[in-house]
Amino acid sequence: DIQMTQSPSVLSASVGDRVTLNCKASQNINKYLNWYQQKLGEAPKLLIYNTNNLQTGIPSRFSGSGSGTDFTLTISSLQPEDFATYFCFQHNSWPLTFGSGTKLEIK
Amino acid sequence: EVQLVESGGGLVQPGRSLKLSCAASGFTFSDYNMAWVRQAPKKGLEWVATIIYDGSRTYYRDSVKGRFTISRDNAKSTLYLQMDSLRSEDTATYYCATGRGFAYWGQGTLVTVSS
């Protein structure tokens, strides 16, 4: 199984900050990496699919990059509504696997 | 508007069975692969199973193989998850999901396995 390792597990930041969240796959997953945002009590929301494609309706301050085994999600200027937990997810091979998440907290 | 509505969750004893449903609307159900994803309380997301759009193939995580069965009724636009031999570690909110990149999710249904 492909292990997805996210770092950091908790990130404290302020409104307006630029932040980068990391996701590392235990083997090559090509471009098949998605990012989701989840707020307490809600279903996950797709932000980025296939490494760098912004889902419809998601603000352009979110962007994704990477390839192979190393991927990043960048939020260019944090807004109050961005404080949430973020999960990466590989759909390159079965079984599909999620990272354990990065909780983005207000500093 | 795409809608996915899960139902069938509840409290069940270890070793017993439960069947979840996911009623879909707002898109052509028979064109899309469907999946179940679960989340244990205060834990991360875990993919459970996927069924291809025409039901021809299914995929499962190892921990549920032989115990869970994913199926679909394209005429009713409904996805199912038959869960047998339930264990305490199956306790979670179960979401159905679909669309490119799992763009669409239901609100989830809570399954609690406890004596």
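Taken in order, these protein sequences are the chains called E and B. What the first sequence shows, in my numbering, is residues 201 to 307, in sequence order. What the second sequence shows, in my numbering, is residues 178 to 292, in sequence order. Every residue gets a Cβ at the ideal spot worked out from N, C-alpha and C, and that includes glycine. Just so we're clear, the structure is a prediction, and the values are computed from it rather than from any experiment.
Coil, strand or helix - B/D250 by DSSP = Locating residue 250 of chain B in the second sequence gives position 73, counting from the first residue. Under the three-state reduction of DSSP, B/D250 is assigned to strand.
message = So with CB distances below 9 angstroms, who are the chain B contacts of E/Q203?
response = Working through the first sequence from its first residue, we reach residue 203 of chain E at position 3. The contacting residues do not exist; E/Q203 stays about 13 angstroms from chain B at best.
request  = Measure the C-alpha to C-alpha separation of E/G241 and E/L278 and round it to an integer number of angstroms.
outcome  = The residue labelled residue 241 of chain E in the question sits at position 41 within the first sequence. The residue labelled residue 278 of chain E in the question sits at position 78 within the first sequence. For E/G241 and E/L278, the distance between alpha carbons rounds to 21 angstroms.
request  = Could you please tell me which residues of the stretch 240-268 of chain E, in chain order, have their CB closer than 9 angstroms to any CB of chain B?
outcome  = So the close ones are E242, A243, P244, K245, L246, I248, Y249, N250, N253, Q255, T256.
ask   = Leaving out the 5 sequence neighbours to the left and right, which residues in its chain are closer than 6 angstroms to B/A201 when beta-carbon positions are compared?
value = Your numbering for residue 201 of chain B matches position 24 in the second sequence. The answer, listed in chain order, is L181, S254.
key: C-beta neighbour in chain E for B/R244, strict 8 angstroms   = Taking the first residue of the second sequence as position 1, residue 244 of chain B is located at position 67. Closer than 8 angstroms: no.
Every unbroken beta strand (DSSP E) inside the stretch 203-230 of chain E [3 residues or more] = You should have 204-207, 210-213, 219-225.
E/E305, DSSP secondary structure in three states = As a working mapping, residue 305 of chain E is identified with position 105 in the first sequence. Look at E/E305 here: in three-state DSSP terms it is strand.
request  = Would you mind giving the Cβ-Cβ distance between E/F283 and B/L222, rounded to the nearest angstrom? I have them listed as a contact below 8 angstroms.
outcome  = In the first sequence, the residue the question calls residue 283 of chain E occupies position 83. In the second sequence, the residue the question calls residue 222 of chain B occupies position 45. Not a contact, Cβ separation roughly 18 angstroms.
ask   = Taking contact to mean at least 3 C-beta pairs separated by less than 8 angstroms, is the stretch 229-245 of chain E in contact with the stretch 189-203 of chain B?
value = No: fewer than three Cβ pairs fall under 8 angstroms.
request  = Under 8 angstroms between beta-carbons, which chain B residues line up against E/T297? List them in chain order, please.
outcome  = In the first sequence, the residue the question calls residue 297 of chain E occupies position 97. Listed along chain B, the residues sitting closer than 8 angstroms to E/T297 by beta-carbon distance are W224.
ask   = In angstroms, rounded to a whole number, what distance separates the CA positions of E/T285 and B/R249?
value = For the purposes of this step, residue 285 of chain E is taken as residue 85 along the first sequence, with counting starting at 1. For the purposes of this step, residue 249 of chain B is taken as residue 72 along the second sequence, with counting starting at 1. A straight line joining the alpha-carbon of E/T285 with that of B/R249 spans about 31 angstroms.
inquiry  = Taking 8 angstroms as the threshold (beta carbon to beta carbon), is E/S226 in contact with chain B?
reply    = For the purposes of this step, residue 226 of chain E is taken as the residue at position 26 of the first sequence. Judged by the 8 angstroms Cβ criterion, E/S226 is not in contact with chain B.
key: Residues of its chain near E/H291, where Cβ-Cβ distance is below 6 angstroms and the 5 sequence neighbours each way are ignored   = Within the first sequence, the letter at position 91 stands for residue 291 of chain E. Cβ neighbours of E/H291 beyond the five flanking positions: Y232.
task = Check the C-beta distance from E/I248 over to E/G264 and give it rounded, since I have them as a contact under 8 angstroms.
result = Within the first sequence, residue 248 of chain E is the residue found at index 48, counting from 1. Within the first sequence, residue 264 of chain E is the residue found at index 64, counting from 1. With 8 angstroms as the limit, E/I248 and E/G264 qualify as a contact, their Cβ atoms being about 4 angstroms apart.
query = Looking at B/A226 and B/I247, is the spacing between their C-beta atoms short of 8 angstroms?
reply = Locating residue 247 of chain B in the second sequence gives position 70, where the first residue counts as 1. Locating residue 226 of chain B in the second sequence gives position 49, where the first residue counts as 1. B/A226 sits close to B/I247, with the two beta carbons spaced by under 8 angstroms.
task = Answer with buried or exposed for B/A252, where buried requires no fewer than 16 other C-beta atoms within 10 angstroms of its C-beta.
result = Within the second sequence, the letter at position 75 stands for residue 252 of chain B. Residue burial annotation: B/A252 is exposed, with fewer than 16 other C-beta atoms found within 10 angstroms of its C-beta.
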